[in-house]
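As given, the protein sequences belong to chains A and B, one line each in that order. Residue numbering for the first sequence follows the numbering used here, starting at -1 and increasing by one per position. Residue numbering for the second sequence follows the numbering used here, starting at 3 and increasing by one per position. From the three backbone atoms N, C-alpha and C, an ideal C-beta is built for every residue, glycine too. All figures in this text were calculated on a predicted structure; none of them were measured in a lab.
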Amino acid sequence: FPNVVDDEFGGVSVEDLGHHAGYYKIANSHAARMFYFFFESRNSKKDPVVIWLTGGPGCSSELAMFYENGPFTIADNMSLVWNPYGWDKASNLLYVDQPIGTGFSFSSDIRDIRHNEQGVSNDLYDFLQAFFSEHPEFVNNEFYITGESYAGHYIPAFAARVHQGNKAKEGIHINLKGFAIGNGLTDPAIQYGAYTDYALDMGLIKQSDYNRINKVLPVCEMAIKLCGTDGTVSCMASYFVCNSIFSSIMSRAGDINYYDIRKKCEGSLCYDFSNLEKFLNLKSVRDSLGVGDISFVSCSPTVYQAMLMDWMRNLEAGIPALLEDGIKLLVYAGEYDLICNWLGNSRWVHAMEWSGQKDFVASSEVPFEVDGSEAGVLRSHGPLAFLKVNNAGHMVPMDQPKASLEMLKRWTHGKLSEGTAYPEKLVSEM
Amino acid sequence: PDDHHHLPLPRSTFPSVQAGKLIRELNLFPAKDVNVLRDGDAGLLDGRNRIVEKRFR
Chain A
-1 FPNVVDDEFG
9 GVSVEDLGHH
19 AGYYKIANSH
29 AARMFYFFFE
39 SRNSKKDPVV
49 IWLTGGPGCS
59 SELAMFYENG
69 PFTIADNMSL
79 VWNPYGWDKA
89 SNLLYVDQPI
99 GTGFSFSSDI
109 RDIRHNEQGV
119 SNDLYDFLQA
129 FFSEHPEFVN
139 NEFYITGESY
149 AGHYIPAFAA
159 RVHQGNKAKE
169 GIHINLKGFA
179 IGNGLTDPAI
189 QYGAYTDYAL
199 DMGLIKQSDY
209 NRINKVLPVC
219 EMAIKLCGTD
229 GTVSCMASYF
239 VCNSIFSSIM
249 SRAGDINYYD
259 IRKKCEGSLC
269 YDFSNLEKFL
279 NLKSVRDSLG
289 VGDISFVSCS
299 PTVYQAMLMD
309 WMRNLEAGIP
319 ALLEDGIKLL
329 VYAGEYDLIC
339 NWLGNSRWVH
349 AMEWSGQKDF
359 VASSEVPFEV
369 DGSEAGVLRS
379 HGPLAFLKVN
389 NAGHMVPMDQ
399 PKASLEMLKR
409 WTHGKLSEGT
419 AYPEKLVSEM
Chain B
3 PDDHHHLPLP
13 RSTFPSVQAG
23 KLIRELNLFP
33 AKDVNVLRDG
43 DAGLLDGRNR
53 IVEKRFR
C-alpha cells in the first residue's frame, strides 16, 4: 500500500512485513476468481492462520479489514494508520471477497453467482487449496475460520466443508482447529423468535407491541421449519414472513441503529464507510493490488438477492458433528446489537444438541476480564464457548478492539476462560 | 385473491429493498451491482487464467 503512516509501528519497518493480495482461480467454477488480502502476523509466522468472512450477504471483507480488525484504518486524507489491535498481531490473517461477485472477486460467467452455502463453501474450500499450495510454509499452522453477521451462515458450512475434505483426504490437509461466529445469523427459527424478547427487554417496544408482533411468530416458525436445511420456496416464503417481525419492531423503535441500539441512524445513514470505496478506487492503490480495471463492489445487491433462499436455512445442524470431532466453536455477540442479538445467539447455542450440551448449560458464567475490567461474560465447556461482549454492538472488533484481540489470542491458545494469553510477556515487560 | 392491495407483506421486506437499504446505511455506493464481466470486458480476463499474487508494500 502507498501512504502507510508507519511511525506508530514501533521498530518494525513496513518493508519487513509480508503483505500479499491477489486472485486465485476457483477450481470448481466456470470462470470465478476470488480476491484476497493476506497479512503475515506482526508477531510470529508460527501464529495460526485466521480467515475472516464478512456477511451482508454480499459485502466485501475489506469492510472488516479497514473498520474492524485489519492491520490499518483509513484516515480521511486516504493515508493508512496502523491499528494497534489488528488481528494480525496474533495471527496470519486472510480476508477474502466472497461470495463471487463481491468486492474485487469476479467471474465472466453468471452461473458462478452462488445461491446457497454449498456453493459458497465449495468456492472457499477451493480458495484455501489454492492458497496453501502457493504458501506451503503455512500449511502446518493451526487454521481458524472467523467472521460476522451473515457469515454465521457461511462459517459452519465452510468449517464442515474443510473437515469433510480432510476426512476424505481430499487435496491439501488443512489444520482446522476451530471456528468463531460474531453476532451471526445461524439458526433463524430460534433467532427470529428472540427478536421481540430482546426488543422488549431493551425498551425498544412496549408490551402491547410485543403481544401484537408475536402473533406472526408461529407462522414464521412453521415456515422456517418447512424450510429446514435444504428447502427452496418455503425458505423464500419464510424470509418474507419472518422479516415482517423485524420490520414491525423497527417501525416502533424509530430511527435507532439496529446494529447498535445505543445509536441513531441520521437520515438514512447508520455508518460512514465511504472511505473504503474512495481508497480502493485510488489508482495508486489499484496499481499496488494489481486489480487492473476490475470494479470494487463494496456490497453487491445482486449477491444479496441471490442468497434469498439461503437466509432461513438452519446452519446449526452441521455444528454438533464438528464439536464431537474436537473442532472448537466460539460464538460471541456484542450486547447492543439488535439484528443478530446476543439473546438469540445464546439461545441457539444452549439449545444445540451435542454430547456436551448438559455440561455446557450447567456450566457457570465467568467474567471475561481484560486489563482487570469485565469485558464480557463467558460460558464454556469443552470445545464450545459463548461470550457476551460488553459495550459493543454488531461489530465487536470495531467497538471493543482491545477486548476482541484478546479474545482471539486466548481462544486460539485454548485459554479463553483464563487471564491474558501471554502472561510471560507481561512479566518480562514488568 | 384478486385483491393484491391487501397483501400483508410490506415492500420494505423485499430483498431488493433490504439490500439497497443495507448499502445506503453504510454510505456505500458501488458502481456495479455485481462483479460479473460482460463480453466487452474480455480484456480484463487476459492473464488471469493463472494464479496472480502480488506482494505489496
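### Task
Would you mind reading off the limits of the alpha helix (DSSP H) that contains A:A166?
No alpha helix (DSSP H) holds A:A166; DSSP gives it neither H nor E.
### Query
Which whole-angstrom value is the C-beta distance of A:S77 and A:V48, which I expect to be below 8 Å?
Incorrect: roughly 26 Å between the Cβ atoms, too far for contact.
### Task
Label B:F31 either buried or exposed according to how many other C-beta atoms from any shown protein chain fall within 10 Å of its C-beta, with 16 as the threshold for buried.
exposed
### Message
Taking contact to mean 3 or more Cβ pairs, one atom from each stretch, closer than 8 Å, check whether the region 339 to 346 of chain A and the region 171 to 189 of chain A are in contact.
### Response
yes
### Query
Do the region 199 to 219 of chain A and the region 355 to 374 of chain A make contact, defined as three or more Cβ pairs closer than 8 Å?
no
### Message
Taking the straight line between their C-alpha atoms, what separation do you get for A:F37 and A:E60?
### Response
13 Å
### Message
Is A:I108 close to the ligand SAH? I mean its beta-carbon at under 8 Å from any heavy atom of the ligand.
### Response
Looking for the ligand SAH in the displayed structure turns up nothing, as the structure carries no ligands at all.
### Task
Assess, as a yes-or-no matter, whether the region 93 to 101 of chain A is touched by the region 39 to 58 of chain A under the definition of 3 or more beta carbon pairs within less than 8 Å.
yes
#### Entry: A:P299 at chain B interface by Cβ criterion, 9 Å
yes
### Message
Tell me the DSSP secondary structure of A:Y196 in three-state form.
### Response
In the structure shown, A:Y196 sits in a helix (DSSP, three-state: H, G or I).
### Query
Going by alpha carbons, who is nearest to A:E264 out of B:K34, B:A33, B:N29 and B:L39?
B:N29
#### Entry: Cross-chain neighbours of A:D270 in chain B, by beta carbon under 7 Å
N29
### Query
Considering only C-alpha positions, which residue in the set A:G145, A:A128 and A:T144 is nearest to A:V137?
A:A128
### Task
Can you give me the Cβ contacts of A:P69 inside the same chain, cut-off strictly under 7 Å, excluding the 5 residues immediately before and after it?
If we look at A:P69 and ignore the five residues flanking it on each side, its Cβ neighbours are F37, W80, N81, G84 and D86.
### Query
Which residues of chain B have a Cβ atom closer than 8 Å to the Cβ of A:F156, listed in chain order?
By Cβ distance, chain B contributes nothing, its closest Cβ being about 21 Å from A:F156, past 8 Å.
### Task
Tell me where the alpha helix (DSSP H) around A:K223 begins and ends.
L215 to C225
### Message
Taking beta-carbon pairs under 9 Å, can you tell me which members of the region 101 to 122 of chain A lie near chain B?
### Response
G101, F102, S103, F104, S105, S106, D107, I108, D110 and I111
### Message
Measuring only the C-alpha atoms, how far is A:E275 from A:G16?
### Response
24 Å
### Query
The alpha helix (DSSP H) spanning A:A304 covers which residue range?
P299 to A304
### Message
At a CB distance below 8 Å, what residues from the region 288 to 316 of chain A approach chain B? Give them in sequence order.
### Response
G288, G290, D291, I292, S293, F294, V295, S296, C297, S298, P299, T300, V301, Y302, Q303 and L306
#### Entry: A:P46 to A:I292 span [Cα, whole Å]
31 Å
### Message
Measuring only the C-alpha atoms, how far is A:T230 from A:K43?
### Response
Straight through space, the alpha carbons of A:K43 and A:T230 are spaced by roughly 44 Å.
### Residues near A:D124 in its chain [Cβ-Cβ closer than 6 Å; skip 5 each side]
In the same chain as A:D124, and ignoring 5 residues on each side of it, the C-beta atoms closer than 6 Å to its own belong to I24, A25 and N26, in chain order.
### Query
Nearest to B:P17 by CA position, among A:E132, A:V239 and A:P381, is which residue?
It is A:V239 whose Cα lies nearest to the Cα of B:P17.
### Query
According to the Cβ coordinates, are A:H392 and A:D258 closer than 9 Å?
yes
### Contact belief for A:V118 with A:Y152 at Cβ below 8 Å, rounded distance in angstroms
6 Å
#### Entry: Alpha-carbon spacing of A:N388 relative to A:D335, whole angstroms
Their Cα atoms are separated by approximately 11 Å.
### Query
Nearest chain B C-beta to A:E430 closer than 9 Å, yes or no?
Here chain A has residues from -1 to 428 only, and residue 430 of chain A is not among them.
### Query
By DSSP, does A:C57 sit in helix, in strand, or in coil?
strand
### Query
By DSSP, does A:P134 sit in helix, in strand, or in coil?
In the structure shown, A:P134 sits in a helix (DSSP, three-state: H, G or I).
### Message
Suppose the cutoff is 6 Å on Cβ atoms and the five residues either side in sequence are ignored; what does the same chain contact list for B:T15 look like?
### Response
none
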